[in-house]
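Just so you know, we're using numbering that gives the first Met the number 0 here: the sequence shown kicks off at 0 and counts up by one.
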Amino acid sequence: MEIIDLSGLIDFAGDFTGVPPERLPWNYRSVSDCIVAEAVRYAMADLKKNDDPWGRVNIISLRTWVFRKLRAIIREIRSEDKDVIGDILREPPGPNLEFMGEVLSVGSGDCIPGPTRFIAVDNERYLVVSAQPTPHLQAHGLSISITGTRRWVFKKELEGAADFRIPVQDFDSYMGYVPSAQTPESYLIECARSGQWDKLSSISGAFAYAGNQGSDEASYRPWSEGIQTDYGRIILLRKINEFKREEFWLRVDSESQKRVVALPWQRVGYAKLAYDALTGGRSYVRFENRGNGTSIVGINFRSTEAHRRCIYALGGTFVGRVKGLVSWEIPSTSTEVIKALMRRSWVTINE
Numbered sequence: 000m001e002i003i004d005l006s007g008l009i010d011f012a013g014d015f016t017g018v019p020p021e022r023l024p025w026n027y028r029s030v031s032d033c034i035v036a037e038a039v040r041y042a043m044a045d046l047k048k049n050d051d052p053w054g055r056v057n058i059i060s061l062r063t064w065v066f067r068k069l070r071a072i073i074r075e076i077r078s079e080d081k082d083v084i085g086d087i088l089r090e091p092p093g094p095n096l097e098f099m100g101e102v103l104s105v106g107s108g109d110c111i112p113g114p115t116r117f118i119a120v121d122n123e124r125y126l127v128v129s130a131q132p133t134p135h136l137q138a139h140g141l142s143i144s145i146t147g148t149r150r151w152v153f154k155k156e157l158e159g160a161a162d163f164r165i166p167v168q169d170f171d172s173y174m175g176y177v178p179s180a181q182t183p184e185s186y187l188i189e190c191a192r193s194g195q196w197d198k199l200s201s202i203s204g205a206f207a208y209a210g211n212q213g214s215d216e217a218s219y220r221p222w223s224e225g226i227q228t229d230y231g232r233i234i235l236l237r238k239i240n241e242f243k244r245e246e247f248w249l250r251v252d253s254e255s256q257k258r259v260v261a262l263p264w265q266r267v268g269y270a271k272l273a274y275d276a277l278t279g280g281r282s283y284v285r286f287e288n289r290g291n292g293t294s295i296v297g298i299n300f301r302s303t304e305a306h307r308r309c310i311y312a313l314g315g316t317f318v319g320r321v322k323g324l325v326s327w328e329i330p331s332t333s334t335e336v337i338k339a340l341m342r343r344s345w346v347t348i349n350e
């Protein structure tokens with residue numbers, strides 16, 4: 000028998016996870032994501048070798064296990080045009096288990112469970128990051144709420160689970176690299192001072208960033224005046240390579256010298272946002288309250304890993320383009336946390 004209607008799927012999800020219906024999502028996409036994510040956790044526990052302290056699991060074996068268990072439950076899982084299991088396990092866009100830290104890829108076609116921990120995402124909730132199946136967590140007195148691939152515990156409900164000690168990670172370290180509080184100019188100067196020097200010849204064929212113009216193609220030009228700072232004139236450069244990842248540099252022209260500094264990948268997005276902030280605030284985020292407890296957050300720039308992890312940890316769902324902006328649906332209660340992160344990234348906030 001194939002369960003394809005929403006009510007049947009919610010009933011199955013409740014039995015599969017041990018979570019009551021009021022703590023489960025109530026739309027088809029989220030509840031099917033919840034079921035597939037839970038099946039991946041069960042597969043991780045079932046397929047690991049007893050003599051492997053890391054719990055290593057072959058990804059092909061994992062995918063096969065999940066497919067066989069759910070092919071009569073989730074109709075899309077049999078589609079040749081979709082990779083439902085891959086989307087949940089490790090493929091963008093969306094809060095896949097690898098991106099959220101529940102499953103870690105270790106190469107050679109294998110993965111291991113990530114360390115179990117709570118993330119203090121706001122004053123009321125902990126995000127649960129764990130490859131353990133939900134019933135294993137609830138057996139220790141935890142009351143889990145689920146939205147798609149993500150699980151939360153309300154802080155006020157932890158009093159009854161005092162015997163279950165899980166490390167708590169602060170939200171900033173979980174999100175990943177975010178610049179410390181400083182001005183956009185000081186950030187560019189810091190990148191220029193701390194980066195690895197390179198030869199001027201290395202930027203041959205590179206294009207200069209000219210500010211957010213709506214697309215990568217329009218935002219890079221053969222030359223740009225750059226930004227005049229106390230450290231010299233700074234120009235952000237990008238070089239597209241045929242057989243390896245694109246490279247970024249900062250060119251620094253001062254009265255005494257001209258030099259090129261390699262820019263680490265994790266700093267590229269913030270360097271562009273700093274440049275935009277110094278040239279008129281071309282990068283912005285827009286919040287739109289839908290009036291049903293949710294809001295739409297849309298951006299006109301390429302998000303960083305920390306931006307996406309923040310949005311997903313707070314319950315956001317990727318919805319594609321809305322009014323020309325890359326957008327997510329988020330709980331309205333999460334808007335202030337996301338605004339605070341955007342301010343730290345020097346992004347203009349529109350409401």
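Backbone N, C-alpha and C define an ideal beta-carbon position, used for all residues, glycine too. Just so it is clear, the structure is predicted and the values come from calculations on it, not from any experiment.
Among the options, which residue has its Cα nearest to the Cα of residue i?
i      : options                       : result
Ser60  : Ile84, Trp53, Asp80, Arg74    : Ile84
Arg220 : Arg237, Asp229, Tyr230        : Arg237
Ala44  : Tyr208, Trp64, Leu324         : Trp64
Cys110 : Lys198, Ala42, Gly93          : Ala42
Ser179 : Trp25, Arg266, His139, Arg28  : Arg266
Val336 : Glu123, Asp51, Gly108         : Glu123
Val102 : Asp82, Gln131, Asp51, Glu79   : Gln131
Ala305 : Arg40, Gly268, His139         : Gly268
Asp229 : Leu199, Met99, Glu241, Val251 : Val251
Phe98  : Arg320, Thr303, Val321        : Thr303
Asp82  : Val35, Arg40, Gly113          : Val35
Gly292 : Thr334, Ile72, Glu79, Leu157  : Thr334
Ala205 : Trp25, Ser214, Ile239         : Ile239
Gly113 : His135, Glu241, Gly100        : Gly100
Would a C-beta distance cut-off of 8 angstroms place residue i and residue j closer than the cut-off?
i      : j      : result
Ile348 : Lys338 : yes
Phe15  : Glu37  : yes
Ser129 : Thr115 : yes
Arg289 : Ile298 : no
Met174 : Arg342 : no
Val177 : Asp169 : no
Arg285 : Leu324 : yes
Val167 : Arg150 : no
Gly354 : Asn49  : Coverage of the chain is limited to positions 0 through 350, which leaves residue 354 absent and any answer about it impossible.
Gly17  : Gln181 : no
Thr118 : Thr133 : The question names Thr, but residue 118 in the sequence shown is Ile. No, the pair does not count as a contact, with Cβ atoms beyond the cut-off.
Ile145 : Cys33  : yes
Lys154 : Tyr125 : yes
Gly231 : Ser201 : no
Ser203 : Gln212 : no
Within a Cβ cutoff of 8 angstroms, which residues of the same chain sit near residue i, ignoring the five residues on either side of it in sequence?
i      : result
Asn95  : Asp86, Ile87, Leu88, Arg89, Thr148
Leu249 : Leu187, Cys190, Ala191, Gly194, Ile233, Ile234, Leu235, Leu236, Val259, Val260, Leu262, Ala270
Leu272 : Pro183, Ser282, Phe300, Ser344, Trp345, Val346
Thr278 : Gly210, Ile226
Tyr274 : Pro183, Leu187, Tyr208, Gly210, Ile226, Leu235
Trp53  : Val105, Ile111
Leu46  : Val56, Asn57, Ser60, Leu61, Trp64
Lys257 : Leu199, Arg250, Val251
Tyr27  : Leu5, Leu8
Glu216 : none
Any heavy atom of the ligand NAP closer than 7 angstroms to the Cβ of residue i?
i     : result
Glu75 : Absent from the structure shown: the ligand NAP. Ligands present: none.
Output needed for residue i: all residues of its chain with C-beta closer than 6 angstroms, excluding positions within five of it in sequence on either side, in chain order.
i      : result
Lys68  : Ala38
Arg77  : Arg70
Asp197 : Val259, Ala261
Met0   : Note on Met0: pLDDT 39, under 50, position unreliable in the model; the coordinate value appears next. Counting only Cβ-Cβ distances below 6 angstroms, and skipping sequence neighbours, we find nothing.
Ala276 : Pro183, Trp345
Lys322 : none
Glu350 : Phe286
I'd like the list of long-range same chain contacts for residue i, defined as Cβ closer than 7 angstroms, with 5 residues on each side in sequence excluded.
i      : result
Gly13  : Pro19, Pro20, Leu23
Thr332 : none
Gly280 : Thr347
Glu356 : As displayed, the chain neither begins before 0 nor continues past 350, which places residue 356 out of reach and without an answer.
Arg373 : Examination of residue 373 is not possible in this model, given that the chain is present from 0 through 350 alone.
Arg320 : Ser326
Val120 : Leu126, Phe170, Ala312, Leu313
- Query: How about the stretch 239-246 and the stretch 177-191: do they share at least three Cβ pairs that are nearer than 8 angstroms?
  - Reply: No, because fewer than three Cβ pairs between the stretch 239-246 and the stretch 177-191 fall closer than 8 angstroms, the two stretches do not touch.
- Message: With a threshold of 8 angstroms, are at least 3 pairs of Cβ atoms found where one atom belongs to the stretch 306-319 and the other to the stretch 216-225?
- Response: Result no; under three Cβ-Cβ pairs closer than 8 angstroms.
- In chain order, which continuous runs of the alpha helix (DSSP H) of length 4 or greater are located wholly inside the stretch 297-337? Considered as a whole, the stretch 297-337 harbours 304-312 as its complete alpha helix (DSSP H) runs of no fewer than 4 residues, in chain order.
- Query: What are the uninterrupted segments assigned as alpha helix (DSSP H) that are 4 or more residues long and contained completely in the stretch 64-134, given in chain order?
  - Reply: Within the stretch 64-134, the complete alpha helix (DSSP H) segments at least 4 residues long are 83-88, 96-99, listed from N- to C-terminus.
- Query: Which parts of the stretch 198-262 are runs of the alpha helix (DSSP H), unbroken and 4 residues or longer, counting only runs that do not cross its ends?
  - Reply: Whole alpha helix (DSSP H) segments, 4+ residues: 215-218.
- Hey, which unbroken runs of the beta strand (DSSP E) at 3 residues or more fall wholly within the stretch 166-200? Runs of the beta strand (DSSP E) inside the stretch 166-200: 167-169, 195-197.
- Which runs of the beta strand (DSSP E), 3 residues or longer, sit entirely within the stretch 9-46? The qualifying runs do not exist here; there are none.
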